[in-house]
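In this note's numbering, the protein residues as written are 26 to 342. Note that beta-carbon positions come from the ideal geometry of N, C-alpha and C, so glycine has one too. All values derive from a computational prediction rather than experimental measurement. Notes for the one structure printed next.
Written as structure tokens, this is what we have:
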């Protein structure tokens with residue numbers, strides 16, 4: 026698969042580098058759209074659909090897709106699917122390097138600043154909700170709009186199983202073989218991805234057993250990938266519920282279940298009606314609200330007095 030045009034990777038960004046200093050000029054908070062949901066629900070698709078309707082660029086928040094390689098196993102969007110929309114943090118990190126939530130916050134914060142500086146809207150999309158949570162907690166210079174693409178779990182599980190079969194047909198086994206680790210270490214970097222450790226037994230034994238046994242071991246690996254993918258989806262939804270119910274995030278839920286019950290043109294029409302149009306309306310309203318003045322670093326009466334007119338102006342528009 027050919028990947029979309031990337032910006033240059035960010036190197037050695039100090040933690041907290043983008044926090045507003047107390048002496049910095051007071052400015053309105055930057056508006057950021059976040060697309061969330063379980064694996065397979067269409068987060069990348071929706072982010073691209075929105076970016077064709079608004080002046081926007083996309084920041085990947087999937088902790089595995091950030092790595093170079095495994096385009097099929099990790100289901101990265103292709104250049105054609107990107108439709109010319111710039112993507113950041115997608116396929117840029119060395120496969121053996123650890124990429125932490127702290128790394129994500131630093132790189133995503135800088136990407137947001139650069140995108141906003143170009144007059145564009147940052148759209149963050151990906152299934153690593155822990156990374157999104159860390160960014161929201163850390164980056165207080167932004168105002169976030171959360172879109173949650175939700176699909177009934179039984180329907181989604183059927184879709185995910187079918188998707189794994191299609192990925193196998195597209196070369197998933199060969200893709201995973203490139204990252205087979207004879208030492209059995211799947212705890213670091215891209216080798217943690219679902220679809221890599223599950224093939225370990227097959228890769229080790231396939232030249233030592235007969236074809237019937239090979240086929241059996243392969244099918245066991247594929248079934249394990251399906252099971253683990255479904256478990257991942259459940260964990261992601263549980264985390265989303267926690268962010269909404271415990272942390273109080275205002276999430277705009279878009280029920281895409283009917284989309285996944287349909288096929289072909291009917292599915293595309295349902296996606297447009299049930300997901301894209303409502304999302305675009307939410308984002309349009311979000312972008313046209315007055316931007317909130319960031320006061321998180323204000324600690325003196327003089328500074329508060331200085332920003333009071335800006336706050337009053339925002340409130341009266």
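The alpha helix (DSSP H) enclosing residue i, as first and last residue numbers
| i | result |
| --- | --- |
| residue 135 | 126 to 142 |
| residue 274 | Counting along the chain, residue 274 falls outside any alpha helix (DSSP H), and DSSP gives it neither H nor E. |
| residue 193 | 178 to 194 |
| residue 305 | 302 to 313 |
| residue 106 | 104 to 107 |
| residue 290 | 289 to 296 |
| residue 70 | 68 to 76 |
| residue 285 | 282 to 286 |
| residue 219 | Segment: none, residue 219 is in no alpha helix (DSSP H) and carries neither H nor E. |
| residue 202 | 197 to 202 |
| residue 226 | 225 to 230 |
Rounded Cβ spacing between residue i and residue j (contact assumed at less than 8 Å)
| i | j | result |
| --- | --- | --- |
| residue 276 | residue 171 | 5 Å |
| residue 87 | residue 152 | 6 Å |
| residue 60 | residue 71 | 5 Å |
| residue 63 | residue 243 | Contact flag wrong, Cβ pair sits at about 26 Å. |
| residue 77 | residue 281 | With 8 Å as the limit, residue 77 and residue 281 do not qualify as a contact, their Cβ atoms being about 18 Å apart. |
| residue 189 | residue 250 | 5 Å |
| residue 53 | residue 316 | 3 Å |
| residue 246 | residue 223 | 5 Å |
Top-ranked residue by Cα proximity to residue i, from the options
| i | options | result |
| --- | --- | --- |
| residue 143 | 242, 199, 230 and 82 | 82 |
| residue 156 | 240, 99 and 129 | 129 |
| residue 116 | 99, 93 and 127 | 93 |
| residue 159 | 110, 268 and 231 | 268 |
| residue 283 | 230, 178, 216 and 311 | 178 |
| residue 258 | 207, 184 and 166 | 184 |
| residue 126 | 164, 103, 104 and 100 | 164 |
| residue 150 | 248, 309 and 68 | 68 |
| residue 304 | 289, 148, 210 and 287 | 148 |
| residue 187 | 285, 118 and 107 | 285 |
| residue 260 | 312, 241 and 154 | 154 |
| residue 215 | 118, 108 and 105 | 118 |
| residue 311 | 292, 167, 227 and 240 | 167 |
Bridge partner(s) assigned by DSSP for residue i
| i | result |
| --- | --- |
| residue 172 | 60 and 277 |
| residue 167 | 55 |
| residue 97 | None, per the DSSP bridge assignment. |
| residue 147 | 82 |
| residue 92 | 118 |
Proximal residues to residue i (C-beta, below 6 Å), its chain only, five neighbours per side dropped
| i | result |
| --- | --- |
| residue 145 | 80, 81 and 82 |
| residue 43 | Confidence at residue 43 is low in this model, with a pLDDT of 39, below 50, so the placement of that residue is unreliable and no value is reported for it. |
| residue 253 | 219 |
| residue 102 | 69 |
| residue 89 | 99 and 218 |
| residue 298 | none |
| residue 301 | 74 |
For residue i, the first and last residue of its enclosing beta strand (DSSP E)
| i | result |
| --- | --- |
| residue 123 | Where residue 123 is concerned, there is no enclosing beta strand (DSSP E), given that its DSSP letter is neither H nor E. |
Chain-order list of residues whose beta-carbon lies under 8 Å from that of residue i (same chain, five-residue window excluded)
| i | result |
| --- | --- |
| residue 97 | 26, 192, 195, 196, 197 and 200 |
| residue 213 | 121 and 123 |
| residue 203 | 94 and 95 |
| residue 272 | 158 |
| residue 211 | 217, 221, 222 and 225 |
Close Cβ partners of residue i (< 7 Å) along its chain, the five nearest in sequence each way excluded
| i | result |
| --- | --- |
| residue 114 | 84, 85, 91, 132, 133 and 136 |
| residue 173 | 61, 62, 265, 276, 277, 278 and 279 |
| residue 169 | 57, 59 and 161 |
| residue 274 | 171 and 268 |
| residue 140 | 82 and 147 |
| residue 209 | 225 |
| residue 308 | 58, 75, 79 and 170 |
| residue 255 | 182 and 185 |
| residue 228 | 202 and 205 |
| residue 262 | 63 |
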